[in-house]
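Protein chains in written order, with the working numbering: chain A, 4 to 118; chain B, 1320 to 1429.
Just so you know, even glycine gets a beta-carbon here, dropped at the ideal spot from N, CA and C.
Since the structure is predicted, the reported quantities are computational estimates derived from the model, not experimental observations.
Worksheet: the structure to be examined is printed underneath.
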């Protein structure tokens, strides 16, 4: 079992739905990340939160809206998604964002399908 | 030229063989090197983490880094069917932004 927990494991939604993905870690990490992974590709960074503040947005469309309610939780709010947004969404955490010496630990992801 | 090159070709080996995987990189700022293992329908699992040139062993796994050649390797000794997975190399420099290779799918045949 990973120390980064993501829910739900699977999600099917229509293009007009609103849903949220959730991520939780209890390792005391102060940096949390959202990644998107398509089949047979490496993860692509979407957002970075450092000390509960958004540090990096990799030009992600506004239909993806991240939120960090506290240091242990990370949400990704989804609205009006497109079929090409179907992918595995991964959450990760590390001790910090700066310094470079902090490996990231990943959850098992939410497999999202857009109808 | 991509920052990290990893030949994504699938690799099939018989059980008990040594698996050898490698990545090259072009960014001299990379100082920290990781190997992640990803099983089907799971997230990447940190397998090995190192930041100096040389070898690091953990059980059947050995990570090798050659900074002068900008080349890293992962060796799996006495491979088992449970080692069948995709292996991703990753590296970072002064911040925690990960640069991934494309991943190698490894199949260990019983």
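Nearest C-alpha to residue 68 of chain A among A:82, A:31, A:114: A:82.
Collapsing the DSSP output to three states places residue 1385 of chain B in a strand. Three or more Cβ pairs drawn from the segment 1393–1400 of chain B and the segment 1333–1345 of chain B lie within less than 8 Å of each other, which places the two stretches in contact. For the pair residue 57 of chain A and residue 1360 of chain B, the Cα-to-Cα distance works out to about 28 Å. In the pairwise beta carbon analysis, the segment 1369–1379 of chain B is classified as not touching the segment 44–63 of chain A: fewer than three pairs are separated by under 8 Å. As the crow flies, the alpha-carbon of residue 1388 of chain B is around 9 Å from that of residue 1344 of chain B.
About 4 Å separates the beta carbons of residue 35 of chain A and residue 77 of chain A, which is inside the 8 Å limit, making them a contact pair. For residue 37 of chain A, no Cβ of chain B is located within less than 9 Å of the residue's own Cβ. Put simply, the CB of residue 91 of chain A is near chain B, with a gap under 9 Å to one of its CB atoms. Sorting A:13, A:15, A:40 by C-alpha distance to the C-alpha of residue 109 of chain A places A:40 at the top. Contacts with chain A (Cβ-Cβ distance below 8 Å) from the segment 1344–1366 of chain B involve 1350, 1351, 1353, 1355, 1360, 1361, 1362, 1363, 1364, 1365, listed in chain order. Taking C-beta separations shorter than 8 Å and ignoring five residues to either side along the sequence, the partners of residue 1334 of chain B in its chain run 1398, 1399, 1400, 1427, 1428, 1429, following chain order. In terms of beta-carbon proximity, residue 1393 of chain B stays away from the interface with chain A, with every pair separated by 9 Å or more. Chain A places no beta carbon closer than 9 Å to that of residue 1374 of chain B, leaving this residue out of the contacts.
Taking residue 1347 of chain B as reference, the option from B:1329, B:1325, B:1411, B:1404 with the minimal CA-CA separation is B:1411. Residue contact check for residue 1423 of chain B against chain A: no CB pair falls below 9 Å. Per the coordinates, the alpha-carbon of residue 1413 of chain B lies some 15 Å from the alpha-carbon of residue 1371 of chain B. For secondary structure counted as the alpha helix (DSSP H) over 4 or more consecutive residues, the segment 23–52 of chain A holds no complete run.
Spanning the alpha carbons of residue 1386 of chain B and residue 10 of chain A requires a straight line of approximately 39 Å. Residue 107 of chain A has its alpha-carbon roughly 6 Å from the corresponding atom of residue 95 of chain A. Contacts between residue 97 of chain A and chain B, judged by CB atoms closer than 8 Å, involve 1415 in chain order. Neighbourhood of residue 1330 of chain B in chain A, by CB distance below 7 Å: empty, with the nearest CB roughly 14 Å away.
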